[in-house]
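Chemist: Residue numbers (numbering that gives the first Met the number 0), protein chains in the order written: chain H, 0 to 680; chain A, 0 to 265.
What follows is a single structure, and I will ask about it in a moment.
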Amino acid sequence: MTIQVTDSGLIIGQKHIPLLSGSMHYWRIDRTHWEKCLSKVKALGFGIVCTYVPWSVHEVQPGEFDFGEMEQERDLGAFLRLAQSLGLFVILRPGPHINAEITDFGFPSRILDNPRIQACGPEGDPIILPALPKAFPAPSYCSEKLWEQMGVWFDAVAQVIRPHLHPKGPVIGMQCDNEMSFFFRTGAYEQDYSDGALEAYRTFLQNKYEDTRVLSGIYGRRIETWNDIAPPIDFEGQTPVDLPYYLDWAQFREHVIGDALARIRNMWIEREVDGVLFTHNIPTCAARTPFNIPRDEKVLDIVGVDFYPTKKEYPVIRQRVEALEGQSRFPWSPEFTSGAYHLWQPITLDDQKFVTMAALMHGLKGFNFYMLVERERWYGSPITRHGDARKDYFEFYRDFISFVQNERLFELQKNASVLILTPRLYDRLEKTATPFGHITPMPFDGRLGPEAFCSEDPLGFKYRIQFEHDRMRRAFARGLDAFGATWRWGDSQSGFSPMRRHQAVFCPSFEFMEDELQKDLASYLEMGGTVVMGPEVPARGSDMRGYSPLSEYVSRPVHKLDLDVDAFVFNAGAGRLILVSQVLEPGSAQASDCLGRIAEFLRVPKKYPVETPFERTVFHDQSRTVLFIANPGDEQGVAEISVAEKHLFADLQSGERFFGTDEVRIAMQPWQIRVLEKLPC
Amino acid sequence: MLSPDVKIVDIDPAHWCNLVKLFDSGEMNRGMLLVFEKDGQCVKAIHTKRGAILDFVLPEKEHWDAMLDELDAERMGVMSVDLLRRFIYEAQSSFIREDDWDHQMMMLIEVLKPFIREEIAWHPTGPNKIATLDPEKIDAAIDKFWPDGRCVGFFVFDGDAPYTSVILGKDKGKIDLFTTLDAFGMAQTPIDWKAQAKHIAELCASKYSPLHGALWIELSSLREMMRGEKKIGYLRLAQTRGRAALWPAPLKWRLALWLARVFRGL
């Protein structure tokens, strides 16, 4: 492949280019305006344009396609030639699901209306997506009939795409499907119970356990054949041994998405659409189960997350960008708001300005602005559908791209000292141990915590792990923020290697934990790492049977930390294990004090702490230290940054300079984010 | 009412955000306590503004008012935890793919009604009447007032600056166009709307279809009208003061006739 992903963008041929792009939907724009629109994309400073290729628009009869012979707006080949002539690369998104705010989300009606293709609820009812302007039954990616029909579509569109693949043509990327998420109906027991899904579920269990006797032992009931197993349709677990049945269901749902993405990628390769990036985008939500970025990036080059927040949702954007930064090999948003759909919350230009900077501040390195060119069912883009500039919008995006490119902000590194891990098994328990598994939690994602959805039964454990794990990890994060540490989220699916790059790993730990993570933590300790965990040392593994490689380290503490909370230090291998013996309340004084003292004890570097309501992030490259300061509120104020010695900062946008000896005072307007570079004094 | 192929184009972002703001009262109620039970035991309590209340135990009935005050909740609904699952099943099983979206949503509300009325114990009272309208009647009423192949408009001005605008088109009994003054490049330019109304109507006719009727109104008058109890009275007052106009003038007679028909029909 001549295109590679690095930690700061793409290498195409010999050239390093940032992954900064914007969307234009060719088929929705009058052909006579294509050139004007693309020229404006270029004038904004973008080198890549991105477009969906809608199955339902190109299919004029079942199995018959129009790529410009009947309507010139459908001439995908001409669009690609034009992009190339203007020096633009192209990323294509041929679905089959595209959403694109198009009726039926890009599927021909005949596909959605076919009962053999529809996903099912637990009682056989179709899964309805109440999308405007027409609700539709969601298809199932476990339907072989769907795959067969997708093959017909891919055959047709591959013929048009092939001649335009890089290096001969401009196409550098193919997005495999779009926001694959059970069509946003992500409740654990909402779907999919279609025949195809049941077959896939049984195959999944067979591959995982190989022998029904093994499964019988773990599920604690007699299973003669794989067909004896029916998936859960509600949560009825009461004790630890009941849980593997539900946790497997959650894992299977990740597997449905991951396998479908891999299958789509392989379908392109079989059709000689290859040598390009294969990407995917997760809908605008926290990338937790059924999403699994580390797993999906084993088959795809980059998996990003879509963002459409307002500035008032700053905590949500922070949380999601940070999660993505910790999970993906390249933190990228395949759809970052530049305008909005009318049925989404109103997003103003002020929102767009603030959230774009906020995403950059928390580590987003690649943006695809959706939409750069406005079209039907969209507003607030910098370029109108006639190719004219919307002045204020156009100026903002032009200046932003120029700023990011001139300052090479995509090359900055976070240099986090601490990795805060999210054990995926707890996440799966959170998702499945719920009395509300039939409703979609996505609209509340990031707004209501897991307490709102999870069962309150301790399930035979000391703690209600299904939501207390999230409390513990948030307490770690808030406490380390208050201390001034730079940290990063991690996903236990990423395995051992991210641990090695950090001075310490903080990990919520309860009576059970996945086997692999326990092994990884033990290996990390053996090689000299520090693990802060709690409130318990796991005694059980993934299948709830006894498994406890970490317990051998905690027989005799060498030190008890002088804290309000019991916290013990153990020598563990060549490293240290610190056990915090209770669940901490995020943001509480007790948690801040506890985490601050632990961080001091571990000599975690303190980097420019700042008092609330202001927030800061710190990045580095080979020669620079760059500090972002945010004021995410309506009040103006002065951010006081603690420094250990004389410091001089320059605002990279305004040119203002700020100097201080033990603190640097920086005036902040409401909803402002400053990007400061540390200069030699 | 809504065409599946509705074209929503040339929406000025400020006009859209202002339109949404106009209809957002900004009033916040105190929220509601939802109690979910299984076998007579509370398994989950959620305050719609504050989130989950862990380990909630429903007190004796005589303490409910005090409890709601303490939790700052307007009312409480107690229901079986499986109600949501049953509602979703009923709703999905009743879905008619061929229907228009508004028909599909009305059906959803119809399915929801008996659950809310019969399966949730409310205290002190249930939500106010759940309004559902017969989509067929609405379609018929709109058809009487607004013929196919014509547009209707709603234009609000803050001084001479366009504040928000909506132009809707209709074909085959369904709304198939939603646009704003941006379609004519006029969303951000100062306009003497009294002098320009005819010109805008001509632009609308040449680009889409003739403007069948429109309301032009100044923002301050619209706000007064929306706040006031006698909305038609406020509209007439604004017209008298030259701060609002129904266009074309005979529209008001058509509107009166339509209202008479609709309300007599109901």
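We put the beta carbon where it would ideally sit given N, CA and C, even for glycine.
Cα-Cα, which of H:Tyr378, H:Asp349, H:Glu324 and H:Pro330 is closest to H:Ala339?
Modeler: Numbered from its first residue, the first sequence carries residue 339 of chain H at position 340. For H:Ala339, the nearest C-alpha among the options comes from H:Tyr378.
Chemist: Cβ of H:Ala643 less than 9 Å from any chain A Cβ?
Modeler: Position 644 of the first sequence, counted from the first residue, corresponds to residue 643 of chain H. No - not a single Cβ of chain A is within 9 Å of the one on H:Ala643.
Chemist: Flag this pair as touching only if the stretch 238–247 of chain H and the stretch 541–556 of chain H have three or more C-beta atom pairs under 8 Å; answer yes or no.
Modeler: yes
Chemist: Along chain A, which residues have their Cβ under 7 Å away from the Cβ of H:Phe435?
Modeler: Taking the first residue of the first sequence as position 1, residue 435 of chain H is located at position 436. What H:Phe435 touches in chain A: Leu83.
Chemist: Please report the residue range of the alpha helix (DSSP H) in which H:Asp194 lies.
Modeler: Numbered from its first residue, the first sequence carries residue 194 of chain H at position 195. That run of the alpha helix (DSSP H) goes Asp194 to Tyr208.
Chemist: Taking the alpha-carbon of H:Glu143 as reference, which of H:Lys645, H:Ser193, H:Gly168 and H:Tyr313 has the nearest alpha-carbon?
Modeler: Numbered from its first residue, the first sequence carries residue 143 of chain H at position 144. Cα-wise, what sits closest to H:Glu143 is H:Ser193.
Chemist: Would the stretch 436–448 of chain H and the stretch 484–496 of chain H be scored as touching if the rule is three or more Cβ pairs under 8 Å?
Modeler: no
Chemist: I need the straight-line Cα distance from H:Thr278 to H:Cys175, nearest angstrom please.
Modeler: Taking the first sequence and counting its residues from 1, the one referred to as residue 278 of chain H is at position 279. Taking the first sequence and counting its residues from 1, the one referred to as residue 175 of chain H is at position 176. Distance between the alpha carbons of H:Thr278 and H:Cys175: 6 Å.
Chemist: Determine the contact status of H:Leu428 and H:Pro507, defining contact as a CB-CB distance below 9 Å.
Modeler: Translated into positions along the first sequence, residue 428 of chain H becomes position 429. Translated into positions along the first sequence, residue 507 of chain H becomes position 508. Not in contact: H:Leu428 and H:Pro507 (Cβ atoms no closer than 9 Å).
Chemist: I need the straight-line Cα distance from H:Pro107 to H:Leu81, nearest angstrom please.
Modeler: Residue 107 of chain H sits at position 108 when you count from the first residue of the first sequence. Residue 81 of chain H sits at position 82 when you count from the first residue of the first sequence. Their backbone Cα atoms lie some 28 Å apart in a straight line.
Chemist: Cutting at 6 Å between CB atoms, please list the residues of its own chain near H:Asp633, excluding the five before and the five after it.
Modeler: Within the first sequence, numbered from 1, the residue matching residue 633 of chain H stands at position 634. Contacts found: Pro669.
Chemist: Is there a Cβ from chain H that is less than 9 Å from the Cβ of A:Val34?
Modeler: The residue labelled residue 34 of chain A in the question sits at position 35 within the second sequence. Residue contact check for A:Val34 against chain H: no CB pair falls below 9 Å.
Chemist: Quick check: is the beta carbon of H:Ala451 nearer than 9 Å to any beta carbon in chain A?
Modeler: Walking along the first sequence from the start, residue 451 of chain H turns up at place 452. At least one chain A Cβ lies under 9 Å of H:Ala451.
Chemist: So is H:Ala249 in contact with chain A if we call contact Cβ pairs under 9 Å?
Modeler: Locating residue 249 of chain H in the first sequence gives position 250, counting from the first residue. Not one chain A Cβ lies under 9 Å of H:Ala249.
Chemist: Taking Cβ-Cβ distances shorter than 8 Å, what residues in chain H pair up with A:Cys203?
Modeler: Locating residue 203 of chain A in the second sequence gives position 204, counting from the first residue. Per Cβ cutoff of 8 Å: no residues; A:Cys203 is ~18 Å from chain H at best.
Chemist: Can you tell which of H:Ile116, H:Asn98, H:Val372 and H:Asn291 has the C-alpha that lies nearest to the C-alpha of H:Lys148?
Modeler: Taking the first sequence and counting its residues from 1, one reaches residue 148 of chain H at position 149. Here residue 148 of chain H turns out to be Gln, not Lys, going by the sequence shown. Measuring from the Cα of H:Gln148, the nearest candidate turns out to be H:Ile116.
Chemist: Which residues of chain H have a Cβ atom closer than 8 Å to the Cβ of A:Gln91, listed in chain order?
Modeler: By 1-based counting over the second sequence, the position of residue 91 of chain A is 92. The answer, in chain order, is Gly120, Asp124, Pro125, Ile126 and Ile127.
Chemist: Assuming contact is defined by CB atoms lying nearer than 9 Å, are H:Leu131 and A:Leu1 in contact in what I supplied?
Modeler: Sequence index remark: in the first sequence, residue 131 of chain H carries index 132 (1-based). Sequence index remark: in the second sequence, residue 1 of chain A carries index 2 (1-based). In contact: H:Leu131 and A:Leu1 (Cβ atoms closer than 9 Å).
Chemist: Along the stretch 91–118 of chain H, where does the CB come closer than 7 Å to a CB of chain A? Name the residues.
Modeler: So the list reads Thr102 and Asp112, given in the order they occur along the chain.
Chemist: Below 7 Å on C-beta distance, what does H:Ile382 contact in chain A?
Modeler: Position 383 of the first sequence, counted from the start, is the residue given in the question as residue 382 of chain H. Taking a Cβ-Cβ cut-off of 7 Å, H:Ile382 has no neighbours in chain A, whose nearest Cβ is about 13 Å from it.
Chemist: How should H:Cys680 be labelled, buried or exposed, when 16 other C-beta atoms within 10 angstroms of its C-beta is the threshold for buried?
Modeler: As a first step, residue 680 of chain H is located in the first sequence; it is residue number 681 there, counting from the start. When all chains shown are included, H:Cys680 counts as exposed.
Chemist: Let me make sure I understand the geometry here. Which of H:Pro308, H:Leu479 and H:Ile301 has the alpha-carbon closest to that of H:Pro330?
Modeler: By one-based count along the first sequence, residue 330 of chain H stands at place 331. Residue H:Ile301 is the option with its Cα nearest to H:Pro330.
Chemist: Give the DSSP-derived three-state secondary structure of H:Tyr369 in the structure shown.
Modeler: On the first sequence, position 370 is the one that residue 369 of chain H refers to. Three-state result, H:Tyr369: strand.
Chemist: Using a Cβ cut-off of 9 Å (strictly closer), state whether H:Arg376 contacts chain A.
Modeler: Against the first sequence, residue 376 of chain H aligns to sequence position 377. Among the CB atoms of chain A, one or more fall inside 9 Å of the CB of H:Arg376.
Chemist: Given a cut-off of 9 Å on the beta-carbon distance, is the pair H:Phe88 and H:Ser7 in contact?
Modeler: By one-based count along the first sequence, residue 88 of chain H stands at place 89. By one-based count along the first sequence, residue 7 of chain H stands at place 8. No, Cβ-Cβ distance for H:Phe88 and H:Ser7 is not below 9 Å.
Chemist: Find the residues of chain H that neighbour A:Phe94, judging by a C-beta separation of less than 8 Å, and give them in chain order.
Modeler: Counting from 1 along the second sequence, the entry for residue 94 of chain A is found at position 95. Those within 8 Å of A:Phe94 in chain H are Pro125, Ile127, Ala134 and Pro136.
Chemist: H:His341 CB to nearest chain A CB: under 9 Å?
Modeler: Counting from 1 along the first sequence, the entry for residue 341 of chain H is found at position 342. Interface residue, yes.
Chemist: Of the residues A:His198, A:Pro209, A:Ala213 and A:Gly241, which one's Cα is nearest the Cα of A:Ser219?
Modeler: Along the second sequence, read from residue 1 onward, the residue named residue 219 of chain A stands at position 220. Ranking A:His198, A:Pro209, A:Ala213 and A:Gly241 by Cα distance to A:Ser219 puts A:Gly241 first.
Chemist: For a minimum of 4 consecutive residues, which ranges assigned as the alpha helix (DSSP H) are wholly contained in the stretch 32–105 of chain A?
Modeler: 63–70 and 82–92
Chemist: Residues of chain H with CB closer than 9 Å to the CB of A:Gln103, please, in chain order.
Modeler: Here residue 103 of chain A refers to the residue found at position 104 when the second sequence is read from its first residue. Within chain H, the residues near A:Gln103 are Ile127, Pro129, Lys133 and Ala134.
Chemist: In this structure, what does DSSP give as the bridge partners for A:Phe154?
Modeler: The residue labelled residue 154 of chain A in the question sits at position 155 within the second sequence. A:Phe154 pairs with A:Ser164 and A:Trp215.
Chemist: For the alpha helix (DSSP H) that A:Thr272 lies in, which residues bound it at each end?
Modeler: Nothing can be reported for residue 272 of chain A, as the shown portion of chain A is limited to 0 through 265.
Chemist: Let me know if H:Gln465 comes out buried or exposed under the rule of 16 or more other beta-carbons within 10 Å of its beta-carbon.
Modeler: Taking the first sequence and counting its residues from 1, the one referred to as residue 465 of chain H is at position 466. A residue is called buried once 16 or more other Cβ atoms fall within 10 Å of its Cβ, and H:Gln465 is buried on that count.
Chemist: Going residue by residue through the stretch 163–188 of chain H, where are the continuous beta strand (DSSP E) segments of at least 3 residues, counting only ones entirely within it?
Modeler: 170–174
Chemist: Can you list the residues of chain D that H:Glu296 reaches, using a CB-CB cut of under 8 Å?
Modeler: Among the protein chains in the structure shown, which are H and A, there is no chain D.
Chemist: Should H:Met526 be labelled buried (16 or more other beta-carbon atoms within 10 Å of its own) or exposed?
Modeler: Residue mapping note: residue 526 of chain H aligns to position 527 of the first sequence, counting from 1. Flag for H:Met526 reads exposed.
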